[in-house]
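Protein chains in written order, with the working numbering: chain A, 1 to 172; chain B, 173 to 468. For every residue, glycine included, the Cβ atom is placed at its ideal position computed from N, Cα and C. Model, not experiment: these values are computed from the prediction. As structure tokens, the structure follows; a few thoughts come after it.
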Amino acid sequence: EAVVSTQSTGGSVGFHGDVLTLTKMMDARLKQYLHTHGKEMPCEAIAQMLSTTLYYRRFFPYYTYNMVAGLDKQGKGCVFSYDPVGSYERESYRASGSASAIIQPLLDNQIGFKNQSNVDTSIPMTRERVRDLVRDIFAAASERDIYTGDEVEIAIIDKNGIETVRYPLRSD
Amino acid sequence: GVQAVQTFQHYFKQINLSMASAAVENFLKEDEEVKGFSFENCRRNAFLAKQGAEMPKARKTGTTICGVIFNEGVVLGADTRATGGSIVCDLNCEKIHYIADNVYCCGAGTAADTEFTTKMISSKMELLKLRTGREGRVISALRMLKQYLFRYQGHISAALVLGGVDVNGPALYTVYPHGSTDKLPYVTMGSGSLAAMSVFEDGFKLGMNEEEAKNLVFHAIRAGIVNDLGSGSNVDITVIRKGNVEVFRPYQVVCKKSERAGDYTFPVGTTVVTSSTEMVPFSALTVTDEEVMEIS
């Protein structure tokens, strides 16, 4: 997990060598932007830049599955998810990794309110609810996926900055 | 019926598969009992696999199992996780199987194989006990297991830790899927065997008492649970002494499911009722007409 600015963060899994290299490259480009323009790169711009960076290596790809999350220019939360060669989409929620098949349906239900009726979708999610939800989701995933476990690090991004909190998970 | 059979056999003979023809004949003999494994689906499965169809994965107990001899008997230990690929199938499965009152067996490998193999040998041990009028011996179970597994040339993926106490004293063996065996004072098997063995190599000594032996086995299995991805959940221990067996299931819960932080109860009305039918209980039905039929 890499913190790339005060309003955005990114996550990368897969081949660790490429994870580190990609992170380094993105870090450098973000610093360049900050020094050239005197302000931080907005989240949507970071998202597009990552896409082009990945596609640049179309014929010898970075073996990484990426996500970028943060606040957009309007101050609303955004999540972008990628495939290894740079195809990306803005979504309100996404799970990726070995336990993605377990987690994604749970997100669909709890955040997308799918397969539920008579739900008041106008009530916004509170910070505590989301933090507890993510923690419980990872606890559930580590029950059934052998690769998920030990600890989860959650980064909560709002206009005041990024708060990171860690919770222990099943260590087996 | 008969015509269909003849056409079927004719078809097979046409494309010169005499083995298939014989198999079909055998299959159609209704009074003959099919013993042992049935290989009917082998040709079809090979054909489908060539076409690119994915064969279903057998559930494995990616496992940590171990055993240790102490001054009065044997301590067997196992974890409780069963996996199918990278998903946990069973969070609390039983890997220490009963063979006889004085003989137990831990099983690693394909879950179905360990289950059926140990059940079968347990059954044979009971028959042997009745035939001889004597308490079963660990070495008898060992012989039966190795001769059975060797016959199947390793295709039955069962790696076992067999332990017990009989007239010759405490005994501990490992049995490998191809049929080889080892007689040792401390043994580990399964994907977590390296983690468990490292604990054993550090802490084993001859002539331990029961508490020391249980503690060693617990730490060995725990090492497997924490460090090996294929092992997890709880530690089960079985202590076999002369005339007495103690089963600790679980001996210790290493990883408990964490408390849920949020509330996920769905309020009434989340699932919309589109229509409902009232179910009438059987007793509420009234008999209007009765007719007794004869079976001739």
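Secondary structure in the segment 80–153 of chain A: the alpha helix (DSSP H) runs of 4 residues or longer, each lying completely within the stretch, are 100–110, 127–144 in chain order.
The Cβ atoms of residue 392 (chain B) and residue 368 (chain B) lie closer than 8 Å to each other.
Non-local beta-carbon contacts of residue 303 (chain B) in its own chain, meaning distances under 8 Å to residues more than five positions away in sequence, are absent. Of the residues assessed, residue 142 (chain A) falls on the buried side of the cut-off, its CB having 16 or more other CB atoms within 10 angstroms. In the DSSP annotation of this structure, the continuous segment of the beta strand (DSSP E) that includes residue 355 (chain B) starts and ends at 353–355. A direct Cα-to-Cα measurement between residue 28 (chain A) and residue 60 (chain A) gives close to 21 Å.
Shortest Cα-Cα distance from residue 74 (chain A) to any of A:97, A:66, A:58, A:42 involves A:42. The beta-bridge partner set that DSSP reports for residue 342 (chain B) consists of B:337. Of B:253, B:270, B:269, the smallest CA-CA separation from residue 262 (chain B) is found for B:253. The three-state secondary structure of residue 420 (chain B), taken from DSSP, is strand. Judged by beta-carbon spacing, residue 300 (chain B) lies beyond the 8 Å limit of residue 410 (chain B), meaning their Cβ atoms are not closer than that value.
Within chain B, the residues whose beta carbon sits less than 7 Å from that of residue 146 (chain A) are 255, 258, 260, 401, 402, listed in sequence order.
Close to chain A, meaning a Cβ-Cβ distance shorter than 8 Å, is no residue of the segment 293–315 of chain B at all.
Within its own chain, the residues whose Cβ lies closer than 6 Å to the Cβ of residue 342 (chain B), once the five positions on either side in sequence are excluded, are 241, 245, 246, listed in chain order. With respect to the 8 Å criterion, residue 7 (chain A) and residue 40 (chain A) are classified as neighbours on the basis of their beta carbons.
DSSP places residue 320 (chain B) in the helix class (H, G or I) of the three-state scheme.
Residue 398 (chain B) and residue 457 (chain B) have their alpha carbons spaced roughly 60 Å apart. Burial of residue 22 (chain A) is indicated by the presence of at least 16 other C-beta atoms within 10 angstroms of its C-beta. Closest in C-alpha terms to residue 171 (chain A), from the list B:405, B:325, B:212, comes B:405.
Its chain contains 314, 334, 353, 355 as the residues whose beta carbon lies nearer than 6 Å to that of residue 345 (chain B), once the 5 sequence neighbours on both sides are disregarded; these appear in chain order.
Here the alpha carbon of residue 225 (chain B) sits roughly 21 Å from the alpha carbon of residue 259 (chain B). A straight line joining the alpha-carbon of residue 58 (chain A) with that of residue 51 (chain A) spans about 11 Å. According to DSSP, residue pairing for residue 239 (chain B) in a beta bridge involves B:248, B:359. Within chain A, no residue has its beta carbon less than 7 Å from that of residue 282 (chain B); the closest one is some 17 Å off. Those residues of the segment 260–277 of chain B placed with their C-beta closer than 8 Å to a C-beta in chain A are 260, 263, ordered along the chain. Residue 413 (chain B) carries a strand assignment under DSSP once its states are collapsed to helix, strand and coil.
In the assembly as shown, residue 435 (chain B) is an exposed residue. Its beta-carbon has fewer than 16 other beta-carbons within 10 Å. For residue 17 (chain A), the three-state secondary structure derived from DSSP is helix.
Within the same chain, 95 come within 7 Å of residue 104 (chain A) by CB-CB distance, once the 5 residues on both sides are set aside. Residue 72 (chain A) and residue 16 (chain A) have their C-alpha atoms roughly 28 Å apart. Scanning the segment 419–460 of chain B from its first residue to its last, no whole beta strand (DSSP E) run of 3-plus residues comes out. Put simply, the backbone Cα of residue 429 (chain B) is about 39 Å away from that of residue 54 (chain A). When secondary structure is reduced to three states using DSSP, residue 8 (chain A) falls in the strand class. The three-state reading of DSSP puts residue 46 (chain A) in helix, counting H, G and I together.
Using a Cβ distance threshold of 8 Å, residue 278 (chain B) and residue 321 (chain B) do not count as a contacting pair.
Check the Cα spacing between residue 234 (chain B) and each of B:403, B:357, B:218: the tightest is with B:403.
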